[in-house]
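**Student:**
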Amino acid sequence: MPQKGLPKGFKALTQEKGLPTMISGSLLTPRSGKTAALSARCMDYLEEVKSAMRIQNPNDEFMVKSERTDELGQRHVRMVQRYKDIPVWGSEIILHEKNGTLDLLNGGYFPTPSVKSVIPTRLAPQAEATVREDLAKKCRSKP
1 MPQKGLPKGF
11 KALTQEKGLP
21 TMISGSLLTP
31 RSGKTAALSA
41 RCMDYLEEVK
51 SAMRIQNPND
61 EFMVKSERTD
71 ELGQRHVRMV
81 QRYKDIPVWG
91 SEIILHEKNG
101 TLDLLNGGYF
111 PTPSVKSVIP
121 TRLAPQAEAT
131 VREDLAKKCR
141 SKP
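Sequential numbering of the sequence shown, starting at 1, is according to this note's numbering.
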């Protein structure tokens with residue numbers, strides 16, 4: 001299923017809420033060069049697909065959580081999303097490299113938030129009380 005904003009040769013294989021959750025496509029010529037560190041090439045991949053993902057600045061919003069090589073020699077890079085240095089709960093993407101080429105991205109994330117400020121306006125006890133009240137309305141058991 002083609003997705004608006006993806007470069008030629010890239011495809012959104014799955015979508016959720018209008019966002020691609022699995023993107024296939026090979027980044028043959030990374031901006032940072034073919035011999036650059038895998039983490040740098042992952043950022044290049046995100047730069048290529050950021051429009052479809054509705055991400056403004058991948059370098060500021062994603063960071064490598066872990067890298068691993070599987071039994072087939074393929075490498076997998078787990079990345080988590082942050083916004084203004086605050087972790088974005090429930091977001092994690094994995095980029096997959098085969099034979100030295102990144103060719104797949106999958107996972108869940110959110111478009112770049114349009115929040116003006118991330119400075120808390122409530123103290124922790126007030127915030128906790130608000131969450132408990134909201135959960136009490138939605139849950140049968142007491143939070």
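Virtual Cβ for every residue (Gly too), placed ideally from N, Cα, C.
Beta carbon of Glu-159, beta carbon of Val-77: below 7 Å?
**Tutor:** As shown, the chain starts at 1 and ends at 143. That puts residue 159 outside it, with no answer to give.
**Student:** From the DSSP output, read off the bridge partner residues of Thr-101.
**Tutor:** Thr-101 is bridged to Lys-98.
**Student:** Hey, out of Glu-47, Ser-51, Leu-95 and Gln-74, whose CA is closest to Lys-65's CA?
**Tutor:** Among Glu-47, Ser-51, Leu-95 and Gln-74, the Cα nearest to that of Lys-65 is on Leu-95.
**Student:** If you drop the 5 nearest sequence neighbours on each side, which residues of the same chain put their C-beta closer than 6 Å to that of Thr-112?
**Tutor:** Result list for Thr-112: Ile-55 and Gln-56, in chain order.
**Student:** Using the beta-carbon count (16 or more within 10 Å), is Leu-72 buried or exposed?
**Tutor:** Exposed, by the Cβ-count rule.
**Student:** Is the stretch 32-44 touching the stretch 6-14, taking contact as three or more C-beta pairs under 8 Å?
**Tutor:** In short, these stretches do not touch, since the Cβ pair count stays below three.
**Student:** Select from Val-115, Gly-90, Thr-101 and Lys-17 the residue whose C-alpha is nearest the C-alpha of Ile-34.
**Tutor:** Correcting the residue type first, residue 34 is Lys in the shown sequence and not Ile. If we check each option's Cα against that of Lys-34, Thr-101 comes out closest.
**Student:** Write down the C-beta distance between Val-49 and Leu-13 rounded to the nearest angstrom, noting that I regard them as a contact closer than 8 Å.
**Tutor:** 12 Å between Cβ atoms; not a contact.
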